[in-house]
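Working notes, structure below.
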Amino acid sequence: MKKFLLAVLAVIMMVNIALAEEGALSIPFATIGEAMASDGYTGIAGGDDNHFVAVLELDGIYFRVVADMDDEARRLSQATLEHTGADALEAAFAEYNAYTQTLPVSYEEEITAQPMPQEELDALVGKTLQEVEDAGFESSSSRMDVDDAAVYTVSCGLYEYDLLLNETYTEYMEHNDNGFIGDLTVKSASVAGLSHNAAELRFHADGTYDEENDPWAEYTKLMEIITHALSAENPEEAIQELVEAMPEKAEEIRMLADVFASMSSMIGQDENSGTDTESAAQSEDPFYIAPISDETFARIYGKSFKEDCTLSREDLRYLHVLHVDLDGAVHEGEMIVNYHIAEDVLEILRQLYEANYPIERMRLVDEYDADDELSMEDNNSSSFNFRFISHTTRVSKHGLGLAVDINTLYNPYTKIVDGVRIVEPVTGEPYLDRDADFPYKIDHEDLCYRLFIEHGFEWGGDWEDRKDYQHFEIPTSVIAEWYPENQ
Ligand SMILES: [Zn+2]
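Spelled out as structure tokens, the structure:
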């Protein structure tokens with residue numbers, strides 16, 4: 073997201089820069105729009121308030137074309153900065169972009185640097201992504217799936233290279249969620265084309281970087297500071313502090329903060345991928361997924377995360393949500409689930425909250441010393457609690473974090489064993505009559521039931537030999553694929 077904002081803002085930033093002298097070659101395009109619409113346009117462009125740059129390929133030679141901004145383009149650029157509201161910004165951008173496309177182009181310079189020869193790229197095969205990075209390649213943002221293999225794009229100098237990984241995209245994402253992709257390995261490498269760097273003004277045509285004359289450096293820094301301030305708990309206060317610290321930049325800071333905020337609302341909120349605890353914690357969205365931090369691990373180790381736990385900490389995710397009780401009071405909720413279902417459970421809990429579906433309590437079972445009975449008697453909703461299925465070496469579904477219990481007191485578990493009815497929690501006995509009317513009751517008409525079923529869960533209330541009205545779980549056949557060793 074930040075990169076995207078930087079890229080878009082790069083077009084409208086106010087910087088002064090001396091461009092290299094025009095070359096002698098002429099090109100068969102009259103306007104920057106024509107050039108960008110040509111077959112040779114490589115899809116990358118950059119600019120400032122004096123120039124607009126595109127990279128083109130003609131007959132195997134890459135070169136940059138430049139349109140000089142005129143007064144009208146500057147006026148429109150200014151208008152995008154003076155917008156009021158997201159709609160106005162969008163309209164101003166559209167007008168600005170349409171106008172700059174008609175500006176006449178001139179040839180700037182030829183890009184003579186060649187991509188790395190295939191023999192050198194072949195040497196990357198079998199290396200880990202960490203080793204690739206150590207060799208000077210930078211990761212790039214584009215990734216996709218090709219023939220069941222993840223494609224990881226890296227850049228080096230002016231070129232980008234596609235690395236086909238030995239791992240599938242799903243595996244790639246799992247590693248990414250766990251915060252480390254450096255151990256993934258390269259199956260093949262090929263030239264992808266010019267990188268974004270090729271259009272950026274600070275780069276010379278030979279791919280070298282002119283740090284001293286980098287016109288973006290100051291702005292990049294300023295934008296980073298502003299982005300950081302906007303992610304603070306109280307963004308307005310944080311921006312005000314910035315303005316006081318840098319009074320000479322007050323106007324710019326306010327303008328940029330305004331543009332950032334409008335763009336965020338235009339594009340949507342930052343994704344909460346759960347790959348980054350910090351960004352998740354800083355996010356304003358109270359519904360988020362985070363890895364098991366050291367702090368959380370300290371809370372669960374020896375309790376729900378038993379010493380003989382066969383899962384790794386990386387299999388689990390911490391969910392932070394809001395929920396409402398019967399009186400409509402809003403509470404913060406916490407739950408630990410398996411990473412396979414983290415997104416689904418977060419979505420379900422979000423929808424329940426938005427529908428004012430009452431959930432009384434959602435604390436980690438560790439607050440009850442991982443004692444299920446105590447947690448259930450307190451009507452606590454939870455998921456992960458490691459245990460083996462009695463007399464087996466198989467881990468239970470709660471032990472895998474692949475089952476969720478909701479409003480446990482009012483939706484008890486019951487089974488007849490040797491002619492004796494067992495109820496868990498024991499205090500849930502009054503709620504065994506499912507025809508009776510009482511709060512927090514889960515049945516087939518229930519929103520909670522519908523949402524879990526929609527997300528691929530099974531309901532314990534549908535079982536024949538026993539009933540577990542509080543319980544939603546991932547089907548055994550699905551778990552067999554995720555944890556084949558647990559059969
Ligand atoms: Zn359960």
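Under the working numbering, the first residue of the sequence shown is numbered 73, with each subsequent residue one higher. Beta carbons: idealized from backbone N, C-alpha and C, even for Gly. Please read all numbers here as calculations on a predicted model, not as lab measurements.
Query	Result
Check residue 470 in the structure and name its three-state DSSP category.	coil
Enumerate in chain order the residues of its own chain whose CB-to-CB distance from residue 113 is below 7 Å, with the five nearest sequence positions on each side excluded.	107, 126, 128
I want to check one thing, is the minimum distance from the CB of residue 416 to the heavy atoms of ligand 1 below 7 Å?	no
Can you name the residues that DSSP bridges to residue 119?	124
Within 10 angstroms of its Cβ, does residue 293 collect 16 or more other Cβ (buried), or is it exposed?	exposed
The alpha helix (DSSP H) that contains residue 381, what's its start and end?	Unbroken run through residue 381: none, as it is neither H nor E.
Quick check on DSSP: helix, strand or coil for residue 155?	coil
Taking buried to mean at least 16 other C-beta atoms within 10 Å of its own C-beta, is residue 444 buried or exposed?	buried
Hey, would you say residue 363 sits closer than 8 Å to residue 389, going by beta carbons?	yes
Considering only C-alpha positions, which residue in the set 181, 535, 421 is nearest to residue 527?	421
How long is the line joining the alpha carbons of residue 402 and residue 418, rounded to whole angstroms?	16 Å
Considering residue 409, what are the terminal residues of the alpha helix (DSSP H) in which it resides?	Segment 402 to 410 is the beta strand (DSSP E) holding residue 409; no alpha helix (DSSP H) there.
Taking the alpha helix (DSSP H) that residue 247 falls in, what are its first and last residues?	241 to 249
Should residue 410 go down as buried or exposed, given a rule of 16 or more other Cβ atoms within 10 Å for buried?	buried
On the DSSP letters alone, give me the boundaries of the beta strand (DSSP E) that residue 264 sits inside.	258 to 266
Can you find a heavy atom of ligand 1 that lies under 7 Å from the Cβ of residue 477?	yes
Any heavy atom of ligand 1 closer than 7 Å to the Cβ of residue 399?	no
Determine, using beta carbons only, whether residue 487 and residue 494 come nearer to each other than 8 Å.	yes
Mind checking whether residue 116 and residue 310 have CB atoms under 8 Å apart?	no
Do residue 110 and residue 101 have their C-beta atoms closer together than 8 Å?	yes
My guess is that residue 264 and residue 234 are in contact by the Cβ rule of under 8 Å, so how many angstroms apart are they, rounded?	4 Å
Nearest to residue 512 by alpha carbon, out of 481, 525, 535, 475?	481
Tell me, please, whether the CB atom of residue 243 is closer than 8 Å to any CB atom in chain D?	No chain D appears in the structure shown, which is made up of a single protein chain.
If residue 228 and residue 208 are in contact, beta carbons under 8 Å, what's the gap, nearest whole angstrom?	6 Å
Secondary structure at residue 447, three-state DSSP: helix, strand or coil?	helix
Residue 558 by DSSP, collapsed to three states: which one?	helix
From residue 322 to residue 316, what distance separates their C-alpha atoms?	8 Å
Quickly, what does DSSP pair residue 234 with across the bridge? List them, please.	225, 262
How far does the alpha helix (DSSP H) with residue 389 in it extend, from its first residue to its last?	Taken as a continuous stretch (DSSP letters only), residue 389 belongs to no alpha helix (DSSP H), being part of the beta strand (DSSP E) at 388 to 396.
Please state the DSSP three-state secondary structure of residue 143.	helix
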